[in-house]
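Shown next, in structure tokens, is the structure this report addresses.
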Ligand code: SF4
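In my numbering, the protein residues as written are 211 to 559.
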């Protein structure tokens, strides 16, 4: 039914985006690297780093042989360093279990630690050009609009898409087209024309058969679920810049914390409405922190306001000792204890 439109969509996508480096020279390894890089990161950012990273690690064996720290340094600028560690771990597993040959069947891929349904399908469909549907937020949105699927976004919608795809109820035309080209085209469509808050339907090659367009309701899809508990969670953090001559104090986050392995400024919890949160030691302050320089960030479901305070090492030592005595931090980082190990954590600016 939609063969012609899907075919036009592929032409549109190829016209505009064939130049992307992971597309114009396609290998399984380059697909694996690009797919991990593109998670939670824009195409523009990945463009600046993809070839540089590949020059450093031209083969999966080279990547597997590198230390975690080396890979994280090469990942600089891409953020979310957990992905860098995950990519290296995948490389190690693939070298050890598959002699460096990236498998192209879903079962083997899903058996690797660190690969979920999206990446596995991306390697099968995009890397190997075999039947697969790489359902990320873009495909979830495009396909729920195109087919008018009345299921709230999230795992249930993704499962429904995978099930319908397996039963040939959606995108049955993929067999006659290219799985790689069609998956890439859906991704481009979701990124450029069929965005979460703006659907440019008049420009869209799929408009003729798109349920959401025909009913004038593109922005209603994918349906919003009930508001998740905790979706308005906030965190206020104190980020302390401790300077000593030309050095600044950092500590490395433990495996149990968010962004494990990353280096971070000493950070304390000023306030949050999530009582279960244990990520940072709490600090109470009589002085108003609201006047400090601040910037906003976010992670998962949390909105974060970061307040920045600068102090000397001596002041920090005093402060960290007070904190330990007053608030009995069980998980207090040893590196924060300036009288012992924090000196070792001083890094050159
Ligand atoms: S017609 Fe509109 S809603 Fe439908 S797929 Fe295209 S951009 Fe999205």
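Ideal Cβ positions, reconstructed from N, Cα and C, are used throughout, including at glycine.
- Query: Of all residues in the structure, which have a C-beta closer than 7 Å to any heavy atom of the ligand SF4, taken in chain order?
  - Reply: 352, 355, 356, 399, 403, 404, 409, 410, 411, 414, 416, 417, 420, 422, 423 and 428
- Task: May I ask which residues mark the beginning and end of the alpha helix (DSSP H) holding residue 391?
- Result: 389-402
- Please specify which runs of the alpha helix (DSSP H), each continuous and at least 4 residues long, are wholly inside the region 309-370, giving them in chain order. 316-320, 327-332 and 347-357
- For residue 426, which of helix, strand or coil comes out of DSSP? coil
- Query: How close, in whole Å, do the beta carbons of residue 478 and residue 493 come, if the pair is a contact with beta carbons under 8 Å?
  - Reply: 4 Å
- Is there contact between the region 387-402 and the region 332-341, where contact requires at least three CB pairs shorter than 8 Å? yes
- In three-state DSSP terms, what is residue 409? strand
- Would you identify the three-state DSSP class for residue 381, choosing helix, strand or coil? coil
- Task: Determine the DSSP secondary structure at residue 239, reduced to helix, strand or coil.
- Result: helix
- Message: Helix, strand or coil for residue 560? Go by DSSP, reduced to three states.
- Response: Nothing in the structure corresponds to residue 560, since the chain is present only between 211 and 559.
- Under a three-way DSSP split, which group does residue 538 fall into? For residue 538, the predicted model reports a pLDDT of 33, less than 50, meaning its position is unreliable and no value from the coordinates is stated.
- Query: Can you tell me whether DSSP reads residue 484 as helix, strand or coil?
  - Reply: coil
- Message: For the beta strand (DSSP E) containing residue 444, name the first residue and the last one.
- Response: 443-454
- Check residue 493 in the structure and name its three-state DSSP category. coil
- Task: Please classify residue 478: does DSSP put it in a helix, a strand, or coil?
- Result: strand
- Message: Distance check for residue 415 and residue 423, CA to CA, integer angstroms please.
- Response: 12 Å
- Query: To which residues of the same chain is residue 467 closer than 8 Å at the C-beta, ignoring the five residues directly before and after it?
  - Reply: 489
- Tell whether a beta-carbon distance below 8 Å holds between residue 244 and residue 256. yes
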